[in-house]
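> Residue numbers (this note's numbering): 5 to 318.
Cβ coordinates follow ideal geometry from the N, Cα and C atoms, glycine included.
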Ligand code: GDP
């Protein structure tokens, strides 16, 4: 039976480099109360990868989670560069909506356009966040019009074009629904996410499907596969099938299961529809493959895209 996870929202952030993605997520983490007072949030949370620093672009998808009014919001970073087209698509399969973050002076840029196009094609609803409204040179109204034009140009449907707009200064940790209202926090942004991004739905009793969208590595536990539970309930310590890209199936045990909380992974005994999980114990798994029920192994349809650059990273 299909049920809804009202306690979860899965959202991806789309932004051109320097439009304030890292600052915004830092602010959301701080305000969601995950960090005790006095505890310093690690600077540049999302930009920890050396390769990214070198290139000045965000390449690998990262996961963060916060709780707001008892709802867990999983925030997934999207690579903004066209070279990583295949990865963008898979990352977007983890979420039920996107935050399109646009600098109030610069307006939409080529990278935002590229990822937004993919999000619209996948029928994801978008929330537009006009950031840096504190800039003296901010052109809020024009930028909003440019964003609307971009949606129209990219063929957004009526409901996608009807996007909510939140005005923000990530730097000051504030968000608001209209430019002339006061605000001293990001609550309007949290509320818009909760109200506008659909809760995940699926059948928690069906044979398990977890689509792996990201790989990570830890010296201690080895390969970490990250993905979203599409169907069923995955339990740590159990045997599962891996549906490989070449159509073959191998059996494996899932040693440990983690969910994201803040910047950390927390061990979980089981995870179900809509959860974004990290799984250890599977050395032989790749991006785009599915962890599936041992008796009824069925892959989540694989997004087939040329991606020569991915082999450079993994
Ligand atoms: P990212 O590349 O999208 O992750 O962008 P960052 O979060 O690293 O921000 C890029 C630059 O913009 C940094 O110098 C930030 O301090 C600055 N910035 C971020 N948000 C704001 C904002 O709301 N207002 C202003 N004035 N600057 C901001």
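In terms of residues, what are the limits of the beta strand (DSSP E) holding residue 151?
Looking at the DSSP string, residue 151 is not in any beta strand (DSSP E); the run it does join, the alpha helix (DSSP H), is 144-157.
> Please identify the residue among 137, 193, 23, 107 whose C-alpha is closest to the C-alpha of residue 33.
193
> Quick check: what's the CA-CA separation for residue 200 versus residue 285?
Answer to the nearest angstrom: the Cα atoms are 36 Å apart.
> Taking all protein chains shown into account, decide if residue 182 is buried (16 or more other Cβ within 10 angstroms of its Cβ) or exposed.
exposed
> Whole-angstrom Cβ separation of residue 235 and residue 277, contact assumed at under 8 Å?
7 Å
> Using CA atoms only, rank isn't needed, just tell me which of 159, 173, 204 is closest to residue 190.
173
> Nearest CA to the CA of residue 128: which residue from 165, 279, 71, 150?
165
> May I have the straight-line CA-CA distance separating residue 245 from residue 275, to the nearest angstrom?
16 Å
> Do residue 216 and residue 293 have their beta-carbon atoms positioned less than 8 Å apart in this structure?
yes
> Mark residue 9 as exposed unless 16 or more other C-beta atoms lie within 10 angstroms of its C-beta, in which case mark it buried.
buried
> Any chance you could list the residues with Cβ under 6 Å from a heavy atom of the ligand GDP, keeping chain order?
19, 21, 22, 23, 24, 25, 26, 27, 135, 136, 138, 139, 173, 174, 175
> Counting C-beta neighbours from all protein chains within 10 Å, is the total for residue 240 16 or more, i.e. buried, or is it exposed?
buried
> Compute the beta-carbon to beta-carbon distance between residue 300 and residue 202, rounded to the nearest angstrom, for a pair I have assumed lies under 8 Å.
No, residue 300 and residue 202 are not in contact; Cβ-Cβ is about 27 Å, not under 8 Å.
> Rounded to a whole number of angstroms, what is the C-alpha to C-alpha distance between residue 302 and residue 104?
33 Å
> If you scan the region 65-131 from start to end, which runs of the beta strand (DSSP E) of 3 or more residues do you find wholly inside it?
67-72, 75-81, 101-107
> Report buried or exposed for residue 206, applying the criterion of at least 16 other Cβ atoms within 10 angstroms of its Cβ.
buried
> Can you look up residue 201 in the DSSP assignment and give me helix, strand or coil?
coil
> Whose CA, out of 289, 279, 223, lies closest to the CA of residue 254?
289
> Taking the alpha-carbon positions, what's the residue 228 to residue 185 distance?
45 Å
> What are the boundary residues of the alpha helix (DSSP H) that residue 25 is part of?
Where residue 25 is concerned, the enclosing alpha helix (DSSP H) stretches over 25-35.
> Short check: CB of residue 102 to CB of residue 116, under 8 Å?
no
> Quick one: is residue 156 buried, meaning 16 or more other Cβ sit within 10 Å of its Cβ, or exposed?
When all chains shown are included, residue 156 counts as exposed.
> Hey, which unbroken runs of the beta strand (DSSP E) at 3 residues or more fall wholly within the region 172-260?
178-180, 213-222, 226-235, 237-239, 243-247, 253-257
> Are residue 151 and residue 132 closer than 8 Å when you measure CB to CB?
Contact flag set, yes.
> Which residues in the same chain have their Cβ closer than 7 Å to the Cβ of residue 345, if we skip the five residues on either side of it in sequence?
Lying outside 5 to 318, the shown extent of the chain, residue 345 is not represented and no answer is given.
> List the endpoints of the continuous alpha helix (DSSP H) containing residue 291.
Here residue 291 belongs to no alpha helix (DSSP H), and DSSP marks it neither H nor E.
> Relative to the C-alpha of residue 267, which candidate in 153, 78, 163, 83 has its C-alpha closest?
The candidate whose alpha carbon is nearest that of residue 267 is 78.
> Under the rule that 16 or more other beta-carbon atoms within 10 Å means buried, what is residue 73, buried or exposed?
exposed
> Name, in chain order, the residues that DSSP records as bridge partners for residue 273.
None; residue 273 has no bridge partner.
> Quick check on residue 165: does DSSP put it in helix, strand or coil?
helix
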